[in-house]
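Residue numbers (the working numbering): -3 to 444. What follows is one structure encoded as structure tokens, with my remarks underneath.
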């Protein structure tokens, strides 16, 4: 059953980026909102303060001259905030006007419409205050300078937020890299068979607990696997001697020319069974020795594949003759190779034996050897039933027997697994396709 996978590194990187971005955006937004409200409160307080101070100073000398002097003094107190003043008498007529014309006038109900300035900016604020003598003082000011500070802060807040996003990405990349590199190191050590995944001083306590548990479980699995391998290898070894003895005795009996044909056929059948069992026992020994593991170190040597196969395929040739199968061999190029000689020869023998076992009588099994500059190519073609598409990966699993092999005698499901392991240990590959003559075509490529 397949499980959906996800990347810890990507999630950590995304989490750090979003966290820092969100935190910076929230803090910047709160700061901008607070500063905007502070500016608005400051403007309202300034309007209230100036109008109250104007009234207090004006009532001591309620003349236009004094009003102009007061307005000038109050305006000079705040040079960064342009102001404009009006005073209305008890009838609503303008009795006094002072201030810069740069300050636009919003639609103030207390002023005649002719005094209004169209399209006033939002920074223009005003306040009116009734005087005790029956008149009214109106102050309008342009708080653009004050609001500019809030606008600049918002720009800076967005810049800081963007920088925080970048910092979050960098921090996430750094932290996630540290964490994932640590896990990658642990995984590599586990894959390579090291029992000690890492020293405790190199790991956080939370991770050390997990790795210690994995180490113990791995050690238990390795011990159990070692015992199983020893038991299977011992059984295969103990069974191998009786099988070879029975095979030798059967061969001796078959040398008797006076043997009845019925008994000879029975002994031939027994001999085939014994040979198949002997091959299976040898494969079991190879399996227990670790040859099925693609990570097992390769014992390399120089050898000539063509010369080495002359004697190694003798048994397969006899098996082909009994089924009247023609075993043809073609050789091209330089067949010298530097690798695990025994593993490669065993792989080729298994492929040829598999082709003979699944081929009908009076057919042909072809073994093609080709030495290229960068690789060695081995191809075995037969005229058997072939391999169904849905089994072309499973047939290389240990103990798997294909649909066409079930219910039949030959094969124990180990030969192809050992052949593929030999190819993988040499950084090569073993694949199966449809043959040109209707059967299966096994192709092994071994890089030089």
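Using N, Cα and C, we set each Cβ at its ideal position, and we do this for glycine too.
- At the C-beta level, residue 39 and residue 147 stay beyond 7 angstroms of one another.
- The C-alpha of residue 418 is placed about 6 angstroms away from the C-alpha of residue 340.
- Contact holds between the region 370 to 390 and the region 415 to 435, because three or more Cβ pairs, one in each stretch, are under 8 angstroms apart.
- Remark: fewer than three beta-carbon pairs, one from each stretch, lie closer than 8 angstroms, so the region 72 to 80 and the region 148 to 160 are not flagged as touching.
- Going by DSSP, residue 60 is part of the alpha helix (DSSP H) stretching over 60 to 73.
- Beta-bridge annotation (DSSP): residue 121 is paired with 137.
- Counting every other CB atom within 10 Å of its CB across the protein chains shown gives residue 346 a total of 16 or more, marking it as buried.
- The DSSP assignment places complete alpha helix (DSSP H) segments of no fewer than 4 residues inside the region 353 to 433 at 411 to 421, in order along the chain.
- In the structure shown, the three-state DSSP call for residue 11 is helix.
- When the Cα atoms are used, residue 440 and residue 163 turn out to be separated by approximately 51 angstroms.
- For the region 205 to 279, there is no continuous beta strand (DSSP E) assignment of 3+ residues that stays within its boundaries.
- If you draw a straight line from the Cα of residue 94 to the Cα of residue 11, it comes to about 59 angstroms.
- If you draw a straight line from the Cα of residue 365 to the Cα of residue 317, it comes to about 21 angstroms.
- With respect to residue 298, residue 334 sits close: the two C-beta atoms are nearer than 7 angstroms.
- One thing to note: residue 136 has its Cβ within 7 angstroms of the Cβ of residue 101.
- With respect to the 7 angstroms criterion, residue 281 and residue 312 are not classified as neighbours on the basis of their beta carbons.
- In the DSSP assignment, residue 329 falls outside any alpha helix (DSSP H) and lies within the beta strand (DSSP E) extending over 322 to 329.
- Scanning 26, 4, 337 and 79 for the CA closest to the CA of residue 133 turns up 79.
- Here the C-alpha atom of residue 249 lies approximately 8 angstroms from the C-alpha atom of residue 255.
- Judged by DSSP in its simplified three-state form, residue 107 adopts coil rather than helix or strand.
- When Cβ pairs closer than 8 angstroms are counted between the two stretches, the region 35 to 51 is seen not to touch the region 202 to 210, the count staying below three.
- If you draw a straight line from the Cα of residue 257 to the Cα of residue 271, it comes to about 21 angstroms.
- The C-alpha of residue 394 lies about 30 angstroms from the C-alpha of residue 2.
- Comparing alpha-carbon positions, the option among 277, 357 and 300 lying closest to residue 225 turns out to be 277.
- Residue 161 and residue 412 have their alpha carbons spaced roughly 54 angstroms apart.
- Selection 359, 370, 409 and 66 evaluated against residue 330 yields 370 as nearest (Cα-Cα).
- By the CB criterion at 7 angstroms, residue 50 and residue 66 fall inside the cutoff.
- In this chain, the beta strand (DSSP E) harbouring residue 437 covers 436 to 443.
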